[in-house]
Amino acid sequence: MRTTGDTRARIVTAATELFRRQGYAASGMKQIVAAADAPYGSAYHFFPGGKAQLGEEVIRTSGAAYLELIADLFPTSRAADMATVTGDAFTAAAQTLSELDFTDPCPLATVALEVAGTHEPLRLATAEVFASWTDGLAAFYRAGGIAEPAAHETASSVIALLEGAFMLGRAARSTDPVLAASRAAVAVVRAAQSGAGTGADAGAGAGARSVVGRGSQGGGDQ
Numbered sequence: 041m042r043t044t045g046d047t048r049a050r051i052v053t054a055a056t057e058l059f060r061r062q063g064y065a066a067s068g069m070k071q072i073v074a075a076a077d078a079p080y081g082s083a084y085h086f087f088p089g090g091k092a093q094l095g096e097e098v099i100r101t102s103g104a105a106y107l108e109l110i111a112d113l114f115p116t117s118r119a120a121d122m123a124t125v126t127g128d129a130f131t132a133a134a135q136t137l138s139e140l141d142f143t144d145p146c147p148l149a150t151v152a153l154e155v156a157g158t159h160e161p162l163r164l165a166t167a168e169v170f171a172s173w174t175d176g177l178a179a180f181y182r183a184g185g186i187a188e189p190a191a192h193e194t195a196s197s198v199i200a201l202l203e204g205a206f207m208l209g210r211a212a213r214s215t216d217p218v219l220a221a222s223r224a225a226v227a228v229v230r231a232a233q234s235g236a237g238t239g240a241d242a243g244a245g246a247g248a249r250s251v252v253g254r255g256s257q258g259g260g261d262q
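In my numbering, the protein residues as written are 41 to 262.
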């Protein structure tokens with residue numbers, strides 16, 4: 041027997057999948073409720089603000105789920121080589137992208153690109169989620185000995201590399217951009233670790249930023 045909570049969850053799940061595959065603008069409420077096998081009026085019962093309110097729910101729900109994944113992939117509770125763990129995460133991401141036939145694994149980047157200049161509430165929601173991911177990943181790097189602000193700068197660089205690599209990988213229908221970004225991300229982490237080892241925290245952040253460009257260029261040539 042279906043419940044009210046089930047209906048709401050199905051609508052959010054359907055919207056998440058549609059936003060991920062075809063984007064926010066291309067996904068109408070009628071298509072979303074049809075995919076959720078829900079009455080049309082139920083969407084506005086649960087989300088009286090319409091698609092914008094539903095979009096914000098999708099962003100925050102998906103963001104929380106991926107934050108949990110970051111915590112699983114980058115645990116702060118056990119010793120690990122930070123660069124190796126980072127590289128392994130990119131390798132897993134490349135595999136996921138291939139398994140999903142080169143659709144974006146997460147709706148956030150798709151929605152963020154669409155709404156950044158047109159819808160302030162959704163832009164803010166995506167910004168808050170990306171900030172939470174950066175905070176979560178920075179905690180892992182701090183636990184490994186990279187001090188602030190280098191830990192946050194490293195985390196921001198790694199997330200930017202991954203999101204950009206997903207976009208390039210989808211366009212090329214290839215995992216090569218993700219694997220190239222993996223090498224660049226490992227270099228970013230190694231540079232930050234080197235800076236932490238000498239106590240040059242500010243220099244680590246600057247080194248991380250410079251390695252992003254060098255690593256990306258080197259990966260593309262291979």
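Ideal Cβ placement from N, Cα and C applies to all residues, glycine included.
Query: Compare the beta carbon distance of Leu201 and Ile110 with 9 Å and say whether it is the shorter of the two.; Result: no
Query: By how many angstroms is the C-alpha of Met122 removed from the C-alpha of Ala187?; Result: 13 Å
Query: Judging by CA-CA distance, which residue of Glu193, His192, Ser222 and Ala191 is the nearest neighbour of Phe206?; Result: Ser222
Query: Would you call the region 128–136 in contact with the region 212–232, where contact means no fewer than 3 C-beta pairs closer than 8 Å?; Result: yes
Query: For the alpha helix (DSSP H) that contains Gly127, what are its first and last residues?; Result: Met122 to Glu139
Query: Please report how far the alpha carbon of Ile99 lies from the alpha carbon of Asp112, in whole angstroms.; Result: 20 Å
Query: What's the C-alpha gap between Pro217 and Ala225?; Result: 12 Å
Query: Check Ala171 in the structure and name its three-state DSSP category.; Result: helix
Query: Just to confirm before moving on: does the CB-CB distance between Met69 and Leu94 stay below 9 Å?; Result: yes
Query: In this structure, how does DSSP classify Phe206 when only helix, strand and coil are distinguished?; Result: helix
Query: Pick from Glu160, Ile51 and Gly89: whose alpha carbon is nearest that of Val73?; Result: Ile51
Query: Once DSSP output is grouped into helix, strand and coil, what is the label at Gly235?; Result: helix
Query: When the Cα atoms are used, what is the spatial distance from Ser67 to Thr136?; Result: 23 Å
Query: Between the beta-carbon of Gly209 and the beta-carbon of Phe114, is there less than 9 Å?; Result: no
Query: How many Å lie between Ser196 and Ser214 at the Cα?; Result: 24 Å
Query: Residue range of the alpha helix (DSSP H) that His85 falls in?; Result: Tyr80 to Phe86
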